[in-house]
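In our numbering, the protein residues as written are 12 to 229.
What follows is a set of notes on a single structure, which appears directly below.
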């Protein structure tokens with residue numbers, strides 16, 4: 012999740028939660044890769060049924076200031092330059108196709124359309140990660156990627172969240188780390204995905220990068 016030169020931090024964070032969570036319907040196939048024990052943990056699937064109560068709880072939390080994020084009462088329509096750079100770089104990679112570790116050559120895929128709702132879901136987790144300095148897919152309130160996405164208005168059959176944490180502002184470093192990971196590379200180039208939103212949040216001592224991708228929203 013971090014540059015190799017940041018060995019002390021990399022070792023510390025390697026014991027945290029898996030670095031990628033795919034939230035997919037029953038029946039989706041897992042990527043055809045040879046996985047180590049660490050990669051097996053990274054590619055675990057979370058099957059989540061989102062109840063209206065859970066969505067309401069997340070929406071209520073968004074409207075109240077917390078230690079990790081400001082009050083959020085509506086979806087932000089604006090991307091920051093680092094967020095726009097992250098999504099543009101991903102679309103460039105998808106347009107060209109890429110060779111992923113383990114799964115081999117991934118064909119060119121359709122460009123991802125920017126979605127403010129996806130970006131808001133990403134921002135919820137990026138804010139928590141930046142302030143807590145944790146690499147995790149579990150939100151401050153125990154939420155999952157799909158619950159956060161539903162709370163911002165994203166309703167899609169297939170959805171994934173990818174995350175990265177570092178000490179500086181460098182979107183390309185995040186992209187290169189994801190490309191070097193078998194599971195991250197596979198899912199961010201998935202052809203079924205059509206919409207995405209990115210968030211880059213700088214904390215006091217760390218910067219969090221999160222992208223939420225999904226198939227065509229309903």
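Ideal Cβ placement from N, Cα and C applies to all residues, glycine included.
What number of angstroms, rounded off, separates the C-alpha of residue 219 from the C-alpha of residue 99?
-> The alpha-carbon atoms of residue 219 and residue 99 are separated by roughly 18 angstroms.
How is the beta strand (DSSP E) around residue 213 delimited, first residue to last?
-> Boundaries of the beta strand (DSSP E) harbouring residue 213: 206-213, taken from the DSSP string.
Where does residue 217 sit, in a helix, a strand or coil, going by DSSP?
-> In the structure shown, residue 217 adopts coil according to DSSP, grouped into three states.
In whole angstroms, what is the alpha-carbon distance linking residue 113 and residue 88?
-> The C-alpha of residue 88 is placed about 37 angstroms away from the C-alpha of residue 113.
On the premise that residue 132 lies in contact with residue 211, defined as a C-beta separation below 8 angstroms, what is that separation, rounded to the nearest angstrom?
-> Actually they are not in contact, since the Cβ atoms of residue 211 and residue 132 sit about 14 angstroms apart, beyond 8 angstroms.
Using beta-carbon positions only, say whether residue 226 and residue 200 come within less than 8 angstroms of one another.
-> It is not a contact, given that the beta carbons lie outside the stated cut-off.
Below 7 angstroms CB to CB, which residues in the same chain sit around residue 159 once its five sequence neighbours on both sides are set aside?
-> Closer than 7 angstroms at Cβ, skipping near neighbours: 69, 132, 135, 136 and 150.
Could you check how far apart the C-beta atoms of residue 4 and residue 122 are, in whole angstroms? I think they sit under 8 angstroms.
-> Residue 4 lies beyond the residue range present for the chain, which begins at 12 and ends at 229; the question has no answer from this structure.
Do you know offhand how far residue 215's Cα is from residue 138's?
-> One C-alpha to the other measures close to 11 angstroms.
Would you identify the three-state DSSP class for residue 115, choosing helix, strand or coil?
-> Three-state result, residue 115: strand.
Sheet register partners of residue 194 (DSSP bridge) | According to DSSP, residue 194 bridges with nothing at all.
If you draw a straight line from the C-alpha of residue 125 to the C-alpha of residue 110, how long is it?
-> Distance between the alpha carbons of residue 125 and residue 110 is about 24 angstroms.
Check the DSSP bridge columns for residue 142 and list the partner residues they point to.
-> Residue 142 pairs with nothing; no bridge assigned.
Between residue 97 and residue 184, is the Cβ-Cβ spacing less than 8 angstroms?
-> Judged by their CB atoms, residue 97 and residue 184 are not nearer to each other than the 8 angstroms cut-off.
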